[in-house]
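Chemist: Numbered per our numbering, the sequence shown finishes at 198, counting up by one with no gaps. One structure coming up, written as structure tokens, with questions to follow.
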Amino acid sequence: MKHALLMLALCYLLVETCNAETKKTVDQSALDGTWAMNCDPSLLTGIRVNFKNGQYKSSVTKYRDSKCKVAQYKFLAKGTYKLTEQTAGAEHSFDYDVFPTEVKILPFTKEAAEAFRKQSFCGISDWEAKKLVDSRLCKKNDLSGKTCYGKAKIERGMLYTTMKSDANDCTSAAKRYVLFDADHPWYRTDEIMPADIFAN
């Protein structure tokens, strides 16, 4: 009986030790600073995101040309984030929950505004070039107020994030993004983002 209890205790100790090695306390400052993904010809998209003290602000610009010289429109957002479970195997590897409190859209060109107008993007039909639109005014598909669940990791100073798949749309922890985008890493930058991300 004593031998069985000893073996059981040993097994429990081994399991707990294994869990301690694979799951770590999350460093909430791991993402602090500004990260960037320069415009990629395959995506025609450039990204800047600043993380600090559980708050984030982001700027996502869509371009018209493969040289990323002519900006069509921009999505601006701010909100909160939380880093949750961290797993060993990378410099930093963790689950994240992002909650955008405000999202605004800015068409730069008449062509972009016209394209939004034709498709009644987010239920709005009166789009104008260089007019900032708050997504909370959208009649459908408001882009704010919904938590997105994903994963991120930092390897060799580069940030890799996960993307949408058929089975995972980030709308719940069970549908957390898990497929890493290895082709489009982000890098740290000294670039200072505006204090007011929505200022034109």
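Backbone N, C-alpha and C define an ideal beta-carbon position, used for all residues, glycine too.
Which of the three DSSP states, helix, strand or coil, is assigned to K173?
Modeler: Residue state, collapsed to three classes: helix.
Chemist: Leaving out five residues before and five after F158 in sequence, what residues of the same chain have Cβ atoms less than 6 Å from its Cβ?
Modeler: Checking the displayed sequence, the identity of residue 158 turns out to be Tyr instead of Phe. Cβ within range, chain order: K151, F178, P183.
Chemist: What's the C-alpha gap between E19 and D25?
Modeler: Note that E19 has pLDDT 42, beneath the 50 cutoff, so the model's placement of it is unreliable and no number is given.
Chemist: Say whether the stretch 99 to 107 touches the stretch 140 to 147, bearing in mind that this needs 3 or more beta-carbon pairs closer than 8 Å, one atom from each stretch.
Modeler: Judged by Cβ distances under 8 Å, the stretch 99 to 107 makes contact with the stretch 140 to 147, as three or more pairs qualify.
Chemist: Give me, in chain order, the residues of the same chain whose beta-carbon lies closer than 7 Å to that of F196; leave out the 5 immediate sequence neighbours on both sides.
Modeler: Cβ neighbours of F196 beyond the five flanking positions: L74, K102, L130.
Chemist: When you compare only the Cα positions, how much space is there between M156 and A113?
Modeler: Going by the C-alpha atoms only, they are around 35 Å apart.
Chemist: What does the alpha-carbon distance come out to for the pair S163 and F97?
Modeler: Taking the straight line from one Cα to the other gives about 20 Å.
Chemist: Does the contact criterion of 3 or more C-beta pairs under 8 Å hold for the stretch 115 to 123 versus the stretch 59 to 79?
Modeler: The stretch 115 to 123 is not in contact with the stretch 59 to 79.
Chemist: Between which two residues does the alpha helix (DSSP H) holding K65 run?
Modeler: Careful: K65 lies outside any alpha helix (DSSP H) and carries neither H nor E.
Chemist: What are the start and end residues of the beta strand (DSSP E) that includes R46?
Modeler: Where R46 is concerned, the enclosing beta strand (DSSP E) stretches over 43 to 50.
Chemist: Which one of G148, E189, R154 has the shortest CA to CA distance from R174?
Modeler: Closest option to R174, Cα to Cα, is G148.
Chemist: Is it right to say I45 is buried, meaning 16 or more other beta carbons lie within 10 angstroms of its own, or is it exposed?
Modeler: So I45 counts as buried.
Chemist: Beta strand (DSSP E) containing A34: first to last residue?
Modeler: Note, A34: beta strand (DSSP E), 31 to 38.
Chemist: Since M191 and K55 should fall inside the 8 Å C-beta cutoff, what is the C-beta to C-beta distance between them, to a whole number of angstroms?
Modeler: So it is a contact: roughly 6 Å between Cβ atoms.
Chemist: Hey, would you say F200 sits closer than 7 Å to A69, going by beta carbons?
Modeler: The structure shown does not extend to residue 200, since the chain spans only -1 to 198, so no value can be given for it.
Chemist: So A28 packs on T187, CB below 8 Å; how close in whole Å?
Modeler: 16 Å between Cβ atoms; not a contact.
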